[in-house]
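As structure tokens, the structure follows; a few thoughts come after it.
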Amino acid sequence: MMGTRIDANAREEVEERLAEETPVTLAYNLSPHAVMMATPADLEDFAVGFSLTEGIVDRARDVERVGVVRYDRGIELQIEVPAEAAARSGTRSRRLSGRTGCGICGTADVDRVLRELPRVEWPARFEPSAVLRAMRELSARQPLNDETGAVHAAGWARADGTLAQVREDVGRHNALDKLVGALARSGTAVEQGFVVMTSRGSFELVQKVAILGAPLLATVSAPTALAVRVAEQAGLTLAGFARGDRVTVYTHRDRVAGA
């Protein structure tokens, strides 16, 4: 994409790569459930992760098939699930499309927004240095963001802070759904590591990580007050401002050494 770059002393024509943002319809057994604005990559992971974090399926294997159909104006993910799961999706369908920065858009029921979550009971313990190592590695493993400067990343790290999986998307909640799907499809023991994200710690991210079952979520920016309350209730360790040589731990601090 061509643009004009202007600074105090000059202007020049530049060609830059921009991040793609595409309407992605998630349809269960051919019945549309939601339309999300997303980066058109890792779509099978997205389908599985969204299905899990929305509570439509309980296990990755319940997603029997994902068909990716590309149209001129968007993409449809044709997700085949058992009849019981398809019926569940019908009761939870969204009335509006999900904007890029919105993980719950179109959800009409407050009880569904602030739903009861499974409690994270895993007695893990992590070193602050491991959390900061994972965040540094995450910053270095974002090829799409390096090219465009416009996407978020979600990563899962082992206990020592080494990153095992990373997914990117223009929406932070989509990036996390893609990560959840990738981890579920690979059978990763998520309770033995933690999740890091290049965003603020919003409550819908807390919900998704609690459903995933990872014991800790660390974000580069601050959490919201609601995210802290939800994390406390769910038994999830929530950390923010994970950058440089410091991290702030807000909930279930016993999982982080020295907190």
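Numbers given in the working numbering equal positions in the sequence shown, counted from 1, plus 7.
Beta carbons: idealized from backbone N, C-alpha and C, even for Gly.
Opening and closing residue of the alpha helix (DSSP H) in which residue i lies
| i | result |
| --- | --- |
| residue 190 | 179-193 |
| residue 241 | 232-241 |
| residue 216 | 210-219 |
| residue 153 | 150-155 |
| residue 141 | 135-147 |
Buried versus exposed call for residue i [16 or more other C-beta atoms within 10 Å across all chains shown]
| i | result |
| --- | --- |
| residue 128 | exposed |
| residue 177 | buried |
| residue 78 | exposed |
| residue 251 | exposed |
| residue 33 | buried |
| residue 188 | buried |
| residue 151 | buried |
| residue 52 | buried |
| residue 43 | buried |
| residue 21 | exposed |
| residue 10 | exposed |
| residue 46 | buried |
| residue 97 | exposed |
| residue 15 | exposed |
| residue 147 | exposed |
| residue 76 | exposed |
| residue 209 | buried |
| residue 156 | exposed |
| residue 211 | buried |
N- and C-terminal bounds of the beta strand (DSSP E) containing residue i
| i | result |
| --- | --- |
| residue 162 | 159-165 |
| residue 77 | 72-78 |
| residue 175 | 170-176 |
| residue 224 | 223-226 |
| residue 84 | 81-87 |
| residue 247 | 244-250 |
| residue 253 | 253-256 |
| residue 265 | Here residue 265 belongs to no beta strand (DSSP E), and DSSP marks it neither H nor E. |
| residue 8 | Careful: residue 8 lies outside any beta strand (DSSP E) and carries neither H nor E. |
| residue 203 | 200-204 |
Own chain residues within Cβ distance below 8 Å of residue i, not counting five before or after
| i | result |
| --- | --- |
| residue 141 | 162, 164, 168, 169, 170, 201, 203, 225 |
| residue 124 | 214, 217, 218, 237, 240, 241 |
| residue 80 | 30 |
| residue 192 | 51, 52, 55, 67 |
| residue 82 | 29, 30, 31, 32, 47, 50, 75, 76 |
Any C-beta of chain D under 9 Å from that of residue i
| i | result |
| --- | --- |
| residue 167 | Looking for chain D here will not work: only one protein chain is present. |
Cβ shell of residue i (< 6 Å), same chain only, five flanking positions each side left out
| i | result |
| --- | --- |
| residue 49 | 174, 185 |
| residue 93 | 35, 36 |
| residue 74 | 85 |
| residue 179 | 159, 206 |
| residue 260 | 266 |
Residues of its chain near residue i, where Cβ-Cβ distance is below 7 Å and the 5 sequence neighbours each way are ignored
| i | result |
| --- | --- |
| residue 216 | 202, 224, 243 |
| residue 87 | 36, 71, 72 |
| residue 239 | 258 |
| residue 135 | 254, 263, 264, 265 |
| residue 27 | 46, 47 |
| residue 89 | 69 |
Distance cut-off 8 Å: residue i Cβ against heavy atoms of the ligand SAM
| i | result |
| --- | --- |
| residue 213 | Ligands are entirely absent from the displayed structure, and the ligand SAM is therefore not among its contents. |
Meets three-Cβ-pair contact criterion under 8 Å: the region 197-206 and the region 45-63: no
Going along the chain, which unbroken runs of the alpha helix (DSSP H) with 4 or more residues stay wholly within the region 10-64? 50-60
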